[in-house]
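Q: This is the structure I want to talk about, given as structure tokens.
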Amino acid sequence: MAAPPRLFRTVGVVLRRRDFDEADRLITVLTRDRGKLRLLAKGARKISSRKAAHVDLFRQVDLLVHQGRTFGVVSQAETVHPFAGLAEDLERLAAAHYLADLTDTFVGEGDTAAGVYDLLVEALQWLESGCDPKLAQRYFELHLLDLEGYRPELYRCPGCGEWLEEQVNLFDFAEGSMVCPNCAEGRGQGRRVSVGAQKVLRFLQRSAVTDCGLLRLSDGLHTEIEGLLGDYIRSVVEWPPRSRRFIETVQRLPEQ
Ligand SMILES: [Zn+2]
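When the count follows this note's numbering, it moves up by one through the sequence shown with no breaks and lands on 1614 for the last residue.
Structure below.
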């Protein structure tokens, strides 16, 4: 005998959306209480659909879901927060795509994700408020790595156990840690990290979003930190997803 239909309510952020059959959409949603869900939004591609706008990308949405055999099916959807401000600026929008893809990559179905959910909402709010989109991405990367068990060690060298001095140290990707120049010699790998970049990384890692708003970085520091964290992320997960290429295309566009 078939199991009785299960109905549940949850709140989540839409990470991904793709067309399914003629009129439907499959959406990937990160929820606080149920982790990552793949849901079917029937009729969401029809212009007349009431559901369509509510299951747009990056929306925080209140969902009533009917658990079917293959997918949960969205019965009702109401927007909690539209994050409409993200669409006003291409660089902000590209950054939101990146955060969503990174989340989708790190969080598996069935994983608990309350911490990542809170981080994502916080970062999207910060992005929407008009912060430096690059800073929001670096903040998100550092804190996501932390939540997923890959917190970069930025203070103590794992080789000799000493506190790292204020000098150019190296980041060892396999170790997930900064190492002092002495210990780095024998390892033959790693990436040099300037004193300025170390300070910014430590600040971002230990601070809340509210403390990061006043940070202003030079283009050089931005590039260094983006490269370092990007390489580290590539060393722990399969990367990059499509949004990375989108961001690079946006950054190459002439100023308007
Ligand atoms: Zn050392």
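Where is the CB? At the ideal position from N, CA and C, for every residue including glycine.
The model shown is predicted, which means the values in this text are computed figures rather than measured ones.
By the three-class DSSP mapping on this structure, what secondary structure does Arg1574 have?
A: Here Arg1574 sits in coil by DSSP.
Q: Do Leu1485 and Ile1591 have their C-beta atoms within less than 9 Å of each other?
A: Result no, Cβ atoms of Leu1485 and Ile1591 do not sit closer than 9 Å.
Q: Apart from the five residues on each side of it in sequence, which residues of its chain come closer than 7 Å, Cβ to Cβ, to Gln1614?
A: With a pLDDT of only 46 at Gln1614, under 50, the local geometry of the prediction cannot be trusted, and the value read off the model is given with reservation. The answer is none, since no qualifying residue turns up.
Q: Is any heavy atom in ligand 1 found nearer than 8 Å to the beta carbon of Val1526?
A: The answer is no for Val1526.
Q: Exposed or buried, which one is Gln1525 when buried takes at least 16 other CB atoms within 10 Å?
A: Gln1525 comes out exposed.
Q: So the alpha helix (DSSP H) Leu1448 belongs to, where does it begin and stop?
A: Leu1448 -> alpha helix (DSSP H) spans 1448-1464.
Q: With H, G and I counted as helix, E and B as strand and the rest as coil, what does DSSP make of Gln1614?
A: Because the pLDDT of Gln1614 is 46, which lies under 50, any placement of that residue in the model is unreliable, and the question is left without a value.
Q: Taking 8 Å as the cut-off, is the CB of Gly1443 close to at least one heavy atom of ligand 1?
A: Every heavy atom of ligand 1 is 8 Å or more from the Cβ of Gly1443, so no.
Q: Which whole-angstrom value describes the C-beta separation of Leu1478 and Leu1421, a residue pair presumed to lie in contact below a C-beta threshold of 8 Å?
A: Between Leu1421 and Leu1478 the Cβ distance is about 16 Å, and since that is not below 8 Å, they are no contact.
Q: Expressed to the nearest angstrom, what Euclidean distance is found between the alpha-carbon atoms of Arg1409 and Arg1427?
A: At residue 1409 the sequence reads Lys, which differs from the Arg that was named. Roughly 21 Å separates the two Cα atoms.
Q: Whose C-beta lies closer than 6 Å to the C-beta of Cys1541 among residues of the same chain, with five residues either side of it excluded?
A: Cys1515, Gly1517, Cys1518, listed in sequence order.
Q: Out of Tyr1456, Asp1577, Ser1407, state which residue places its alpha-carbon closest to the alpha-carbon of Trp1597.
A: It is Tyr1456.
Q: Nearest to Arg1374 by CA position, among Gln1418, Lys1404, Arg1550, Phe1366, is which residue?
A: It is Gln1418.
Q: Give every residue whose Cβ lies closer than 6 Å to any heavy atom of ligand 1, listed in chain order.
A: That gives Cys1515, Gly1517, Cys1518, Glu1520, Val1537, Cys1538, Asn1540, Cys1541.
Q: May I ask you to report which of helix, strand or coil DSSP gives Ser1565?
A: Reduced to three states, the DSSP call for Ser1565 is coil.
Q: Could you check what DSSP says for Glu1520 in three-state terms: helix, strand or coil?
A: DSSP places Glu1520 in coil when its eight states are reduced to three.
Q: For chain C, is any of its Cβ atoms less than 9 Å away from the one on Thr1428?
A: Protein chain content of the structure displayed is limited to a single chain, and chain C is not contained in it.
Q: Check Ala1494 in the structure and name its three-state DSSP category.
A: Helix, per DSSP.
Q: Given a threshold of 16 other Cβ atoms within 10 Å of its Cβ, counted over all protein chains shown, does Ala1532 qualify as buried or as exposed?
A: Exposed: under 16 other Cβ atoms inside 10 Å.
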